[in-house]
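Counting in our numbering, the sequence shown runs from 1 upward without gaps.
Here a beta-carbon is modelled for each residue, glycine too, at the ideal position from N, C-alpha and C.
Here the structure is a predicted model, which means the values were calculated and not measured.
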Amino acid sequence: MKRTDISSKDFNINKKPHTMSNEEQNLFKPVGESVQEIEQEQSNDGVTLTGATDAQGHPVQEIESLCMNCHKNGVTRLLLTSIPYFREVVLMSFECPHCGFKNSEIQPASQIQEKGSKYMLKIENKEDFNRQVVKSETATCQFIELDIEIPAKRGQLTNVEGLLSEMIDDLSADQEARKAVDENIYNKIEEFLAKVRSYINCEPGTLPLTFTLDDPAGNSWIEYKPGEPAHKWSHTEYIRSDEQNVIVGLLTKDQLEDRREEQRQKLAEKERNPSEAQKKSFLSDATDIENFNNEVQTFRATCPSCLNECETHMKPVNIPHFKEVIIMSTVCDHCGYKSNEVKTGGAIPEKGRKITLYCDDPEDLSRDILKSESCSMTIPELHLDIQQGTLGGRFTTLEGLLRQVYEELENRVFTQTSDSMDEETKKRWEGFFGKLKEALAGKVKFTVIMEDPLAGSYIQNVYAPDPDPNMKIEDYERTEQQNEDLGLNDVKVN
Numbered sequence: 001m002k003r004t005d006i007s008s009k010d011f012n013i014n015k016k017p018h019t020m021s022n023e024e025q026n027l028f029k030p031v032g033e034s035v036q037e038i039e040q041e042q043s044n045d046g047v048t049l050t051g052a053t054d055a056q057g058h059p060v061q062e063i064e065s066l067c068m069n070c071h072k073n074g075v076t077r078l079l080l081t082s083i084p085y086f087r088e089v090v091l092m093s094f095e096c097p098h099c100g101f102k103n104s105e106i107q108p109a110s111q112i113q114e115k116g117s118k119y120m121l122k123i124e125n126k127e128d129f130n131r132q133v134v135k136s137e138t139a140t141c142q143f144i145e146l147d148i149e150i151p152a153k154r155g156q157l158t159n160v161e162g163l164l165s166e167m168i169d170d171l172s173a174d175q176e177a178r179k180a181v182d183e184n185i186y187n188k189i190e191e192f193l194a195k196v197r198s199y200i201n202c203e204p205g206t207l208p209l210t211f212t213l214d215d216p217a218g219n220s221w222i223e224y225k226p227g228e229p230a231h232k233w234s235h236t237e238y239i240r241s242d243e244q245n246v247i248v249g250l251l252t253k254d255q256l257e258d259r260r261e262e263q264r265q266k267l268a269e270k271e272r273n274p275s276e277a278q279k280k281s282f283l284s285d286a287t288d289i290e291n292f293n294n295e296v297q298t299f300r301a302t303c304p305s306c307l308n309e310c311e312t313h314m315k316p317v318n319i320p321h322f323k324e325v326i327i328m329s330t331v332c333d334h335c336g337y338k339s340n341e342v343k344t345g346g347a348i349p350e351k352g353r354k355i356t357l358y359c360d361d362p363e364d365l366s367r368d369i370l371k372s373e374s375c376s377m378t379i380p381e382l383h384l385d386i387q388q389g390t391l392g393g394r395f396t397t398l399e400g401l402l403r404q405v406y407e408e409l410e411n412r413v414f415t416q417t418s419d420s421m422d423e424e425t426k427k428r429w430e431g432f433f434g435k436l437k438e439a440l441a442g443k444v445k446f447t448v449i450m451e452d453p454l455a456g457s458y459i460q461n462v463y464a465p466d467p468d469p470n471m472k473i474e475d476y477e478r479t480e481q482q483n484e485d486l487g488l489n490d491v492k493v494n
C-alpha cells in the first residue's frame, strides 16, 4: 500500500468542524439526490437550467447578465460543484453574443477559513504540470527557480501549466510594442519566455521546479495524489496577520488603524506602569509570580476566527526527565472556536532530535507523547506521515494522538469526499483506516519516528531513569534550509 500523507488533507483538529447550513446542503447534494426537484424548479428571477450536469450530478444553470465590455446582455453559466479532497466551489463562465467577450472565474462556496493556507508542489515531470489548481482572488503564486510571482487577481480553476501559459500569453501580447520602444527590453523578455517554455517542455536541466500557492483566505488548493512522497506536496496553515485580514475583508483599513493605535496605547501604558499592566493581563485569582506554576492563568486574546475578544488559559507543566512546557487553551464565546496547544520553553537547542520508538506491546499506546509544532512524525508500518505544523502542538498519549488522526481523517475523507471518490481510492483509504484501527487495538507492531529540528518533542521513557530498550534518541545537526525555515539564520546573539 502506498504512503498516505495526512498533512495533505485540509483539516485542523483545533478547528470546530464546519456544520453546513440548510442552504449549503441544498446546493451540494450527493449524486442523484434531489436532482429531479431542481429540474422541476424554474425560478422567476431569470435562472434557467441547461440540462447539463457535472460528473457528480450538479446542474449547470444560466442567467442573463450585463456585459462589462459592450454593456449589452450576455449569458453567465453557473456550476456549483465539489472538488475531491478540497471543498465546494462555484464555477462561472460568461459569454456575450454581441461583442464576443468571454470570461471565466471560480469563487469559493464556503466561508473564509479560520487560517490561511500555503501549498507547495515539487514539479518533477511533465504530468505534474497537469495538476489541478484552485486559485482564489486573494491567492498569490510563486515559481521559485524561475523567480516568478503571480499576484492576487480573479479566481481561477486551472492547472500548473495553465498558470504559466497565461503569463506567457500576457507578456507576449505587448512584445511588438516593446520592440518598437526598447529592443533591449524586448530581447530580455523573449529570453525569459524561452526559459519558461523550456521548463514547461521539461527540457534537460530544468526540473525540478518548486511551485507555491499562498492564500490568506484559505480557499485555494493544489491537487494532491494519495500515496506520493512527503517532499513532493505539502500543506500548512497559519494565523493571518492584521494586514492579511484587511486583504480578505475581515477588517477595514480604519479598523486596522484603530487596532494599531490601541496596541500603541497599551504598550505605552505598560512602559509607564509595568506592574499594573501585569495585573490587568492576568484574570485569575492568584497572580503572584510565586504561584505561577500552581495556578491556571487566564488572559485576554483575539479570536483568530471571528476577531472578537476571548479568553486563553495557560498553565506550565513540568514533564519528568524532559523539560517544562506550557499548555494553552482558547475558547471563544462568540463563535465557539476552540483550540488546545502545547508550547515548549527554554533556549533553542544547538541540535535537532530524532526519537525512534518500537511499539511491540499494547501498553506502549499509553505512553505520554509531546509533539511540538516543528515536529514531523512517521509510522512506516501504517503508511502514516504527519508533517510539521499538522495537528499543532499536542501533549497526549500515543493512543490519543493516533485516535485523533483517525477520527479527523475518517470524517473528512468519507463524509466530505465520498461521493466523488473512485473505487480504487476508496479501497486504499479503507485499507489505511483498517490498519490504523488494528494499531489502536494493539494488534499490530509498529515504529514511531519523531523528528524535531528544535528538539522540543518527547516520548515517555517507562524505564526512566534507565535507558528504554525500545527507544532510540539521536541528536543531529540541522541543515541550512532548516535553520532558514525556522528563522534561526536571522537570530543575532551579541
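* **Limits of the unbroken beta strand (DSSP E) element including Asn-187** => For the purposes of this step, residue 187 is taken as residue 187 along the sequence shown, with counting starting at 1. Per DSSP, Asn-187 belongs to no beta strand (DSSP E); it is in the alpha helix (DSSP H), 183-200.
* Count the other CB atoms, across all protein chains shown, that sit within 10 Å of the CB of His-98; report buried if there are 16 or more and exposed otherwise. => Walking along the sequence shown from the start, residue 98 turns up at place 98. His-98 is exposed by the Cβ-count criterion.
* Asked: Quick one: what's got a C-beta closer than 7 Å to Asp-215's C-beta in the same chain, skipping five residues either side?
  -> Sequence index remark: in the sequence shown, residue 215 carries index 215 (1-based). Correct list, in chain order: Gly-116, Ser-117, Ser-136, Thr-138 and Ala-139.
* To do: Ignore the nearest five residues each way along the sequence and tell me which others in Leu-398's own chain have a CB closer than 6 Å to its CB.
  => Counting from 1 along the sequence shown, the entry for residue 398 is found at position 398. Excluding residues within five positions, the ones whose Cβ falls inside 6 Å are Leu-365, Arg-367 and Ile-369.
* Stretch pair the segment 143-152 + the segment 176-184: three plus CB contacts closer than 8 Å -> no
* Return the chain-ordered list of same chain residues with a C-beta closer than 8 Å to the C-beta of Tyr-186, the five sequence neighbours on each side being excluded. => One-based indexing of the sequence shown puts residue 186 at position 186. Closer than 8 Å at Cβ, skipping near neighbours: Gln-175, Arg-178 and Lys-179.
* So, helix, strand or coil for Tyr-476, using DSSP? -> Taking the sequence shown and counting its residues from 1, one reaches residue 476 at position 476. In the structure shown, Tyr-476 sits in a strand (DSSP, three-state: E or B).
* Could you pull out every residue in the same chain whose Cβ sits closer than 7 Å to the Cβ of Arg-403, ignoring the five residues on either side in sequence? => Within the sequence shown, numbered from 1, the residue matching residue 403 stands at position 403. Leu-440.
* Asked: If you follow the alpha helix (DSSP H) that Lys-498 is part of, which residue opens it and which one closes it?
  -> This structure cannot settle anything about residue 498, because the visible part of the chain is limited to 1 through 494.
* Asked: For the alpha helix (DSSP H) that contains Lys-266, what are its first and last residues?
  -> Within the sequence shown, residue 266 is the residue found at index 266, counting from 1. Counting along the chain, the alpha helix (DSSP H) containing Lys-266 begins and ends at 253-272.
* Ends of the alpha helix (DSSP H) at Gly-162? -> Reading the sequence shown from its first residue, position 162 is the one you call residue 162. Where Gly-162 is concerned, the enclosing alpha helix (DSSP H) stretches over 160-173.
* Taking all protein chains shown into account, decide if Asp-475 is buried (16 or more other Cβ within 10 angstroms of its Cβ) or exposed. => Taking the first residue of the sequence shown as position 1, residue 475 is located at position 475. Exposed: under 16 other Cβ atoms inside 10 Å.
* Asn-73 - partner residues in DSSP beta bridges -> By 1-based counting over the sequence shown, the position of residue 73 is 73. Paired residue(s): Leu-66.
* Beta-carbon proximity of Lys-343 to Thr-330, cut-off 8 Å -> Along the sequence shown, read from residue 1 onward, the residue named residue 343 stands at position 343. Along the sequence shown, read from residue 1 onward, the residue named residue 330 stands at position 330. It is not a contact, given that the beta carbons lie outside the stated cut-off.
* Can the beta-carbon of Leu-163 be found less than 8 Å from the beta-carbon of Leu-91? -> Taking the first residue of the sequence shown as 1, we reach residue 163 at position 163. Taking the first residue of the sequence shown as 1, we reach residue 91 at position 91. No, the Cβ-Cβ distance between Leu-163 and Leu-91 is not below 8 Å.
* Which residues DSSP lists as bridging His-235, in chain order -> Translated into the one-based positions of the sequence shown, residue 235 becomes position 235. Bridge partners of His-235: Tyr-119.
* Taking the beta strand (DSSP E) that Asn-318 falls in, what are its first and last residues? -> For the purposes of this step, residue 318 is identified with residue 318 of the sequence shown, where counting begins at 1. 309-318 is the span of the beta strand (DSSP E), which, as asked, contains Asn-318.
* To do: Grab the span of the beta strand (DSSP E) containing Glu-350 for me, first residue to last.
  => Within the sequence shown, numbered from 1, the residue matching residue 350 stands at position 350. Taken as a continuous stretch (DSSP letters only), Glu-350 belongs to no beta strand (DSSP E), as it is neither H nor E.
* Inter-residue CB distance, Cys-375 and Met-450 (contact presumed, cutoff 8 Å) -> For the purposes of this step, residue 375 is identified with residue 375 of the sequence shown, where counting begins at 1. For the purposes of this step, residue 450 is identified with residue 450 of the sequence shown, where counting begins at 1. That pair is a contact at about 6 Å.
* Asked: Do you know offhand how far Glu-480's Cα is from Thr-53's?
  -> For this step, residue 480 is matched to residue 480 along the sequence shown. For this step, residue 53 is matched to residue 53 along the sequence shown. Straight-line Cα distance between these residues: approximately 51 Å.
* Exposed or buried, which one is Arg-394 when buried takes at least 16 other CB atoms within 10 Å? -> For the purposes of this step, residue 394 is taken as residue 394 along the sequence shown, with counting starting at 1. Arg-394 is buried by the Cβ-count criterion.
* Which whole-angstrom value is the C-beta distance of Pro-453 and Arg-478, which I expect to be below 8 Å? -> Residue mapping note: residue 453 aligns to position 453 of the sequence shown, counting from 1. Residue mapping note: residue 478 aligns to position 478 of the sequence shown, counting from 1. The pair is a contact, with the Cβ atoms about 5 Å apart (cut-off 8 Å).
* Gln-244 - containing beta strand (DSSP E), residue span -> Position 244 of the sequence shown holds residue 244. Element bounds for Gln-244: not the beta strand (DSSP E) but the alpha helix (DSSP H), 242-248.
* Leaving out the 5 sequence neighbours to the left and right, which residues in its chain are closer than 8 Å to Leu-193 when beta-carbon positions are compared? -> The residue you call residue 193 lines up with position 193 of the sequence shown. Contacts found: Ile-168, Leu-171 and Ser-172.
* Measuring CB to CB, does Leu-209 end up less than 8 Å from Ile-123? -> Against the sequence shown, residue 209 aligns to sequence position 209. Against the sequence shown, residue 123 aligns to sequence position 123. Yes; because the gap between Cβ atoms is below 8 Å, this pair is in contact.
* Residue range of the unbroken beta strand (DSSP E) whose run includes Ala-301 -> Reading the sequence shown from its first residue, position 301 is the one you call residue 301. Looking at the DSSP string, the run of the beta strand (DSSP E) that includes Ala-301 is 297-302.
* To do: May I ask you to list the residues that DSSP assigns as paired with Thr-140?
  => For the purposes of this step, residue 140 is taken as residue 140 along the sequence shown, with counting starting at 1. DSSP, once it has assigned bridges, lists Asp-214 as partnering Thr-140.
* Determine the burial state of Gln-460: buried for a count of at least 16 other Cβ atoms within 10 Å of its Cβ, exposed for fewer. => Against the sequence shown, residue 460 aligns to sequence position 460. When all chains shown are included, Gln-460 counts as buried.
* Asked: Residues in its own chain within less than 8 Å of Val-196 by CB, not counting five upstream and five downstream?
  -> Numbered from its first residue, the sequence shown carries residue 196 at position 196. Leu-146, Ile-148, Leu-164, Met-167 and Ile-168.
* Asked: Hey, would you say Arg-264 sits closer than 8 Å to Asp-242, going by beta carbons?
  -> Locating residue 264 in the sequence shown gives position 264, where the first residue counts as 1. Locating residue 242 in the sequence shown gives position 242, where the first residue counts as 1. For Arg-264 and Asp-242, no; Cβs fall outside 8 Å.
* For Lys-315, which option in Met-377, Pro-304, Val-296 and Cys-303 has the closest C-alpha, if you only look at C-alpha atoms? -> Taking the sequence shown and counting its residues from 1, one reaches residue 315 at position 315. Per the Cα distances, Val-296.
* To do: Assuming Arg-448 contacts Met-377 (C-beta within less than 8 Å), just tell me the rounded distance between them.
  => Position 448 of the sequence shown, counted from the start, is the residue given in the question as residue 448. Position 377 of the sequence shown, counted from the start, is the residue given in the question as residue 377. This sequence places Val at residue 448; Arg is not what is there. With a Cβ gap of about 7 Å, Val-448 and Met-377 count as contacting.
* To the nearest whole angstrom, what separates the beta carbons of Thr-298 and Glu-311, a pair I think is in contact under 8 Å? -> As a working mapping, residue 298 is identified with position 298 in the sequence shown. As a working mapping, residue 311 is identified with position 311 in the sequence shown. Yes, Thr-298 and Glu-311 are in contact; Cβ-Cβ is about 6 Å, under 8 Å.
* **Host beta strand (DSSP E) of Lys-135 (start-end)** => Stepping through the sequence shown from its first residue, residue 135 is reached at position 135. 132-135 is the span of the beta strand (DSSP E), which, as asked, contains Lys-135.
* Asked: Using a beta-carbon distance below 8 Å, is Asp-254 in contact with chain D?
  -> The question asks about chain D, but that chain is absent: this structure has only one protein chain.
* DSSP state of Tyr-358 mapped onto helix, strand, coil -> Counting from 1 along the sequence shown, the entry for residue 358 is found at position 358. Tyr-358: strand per DSSP, three-state reduction.
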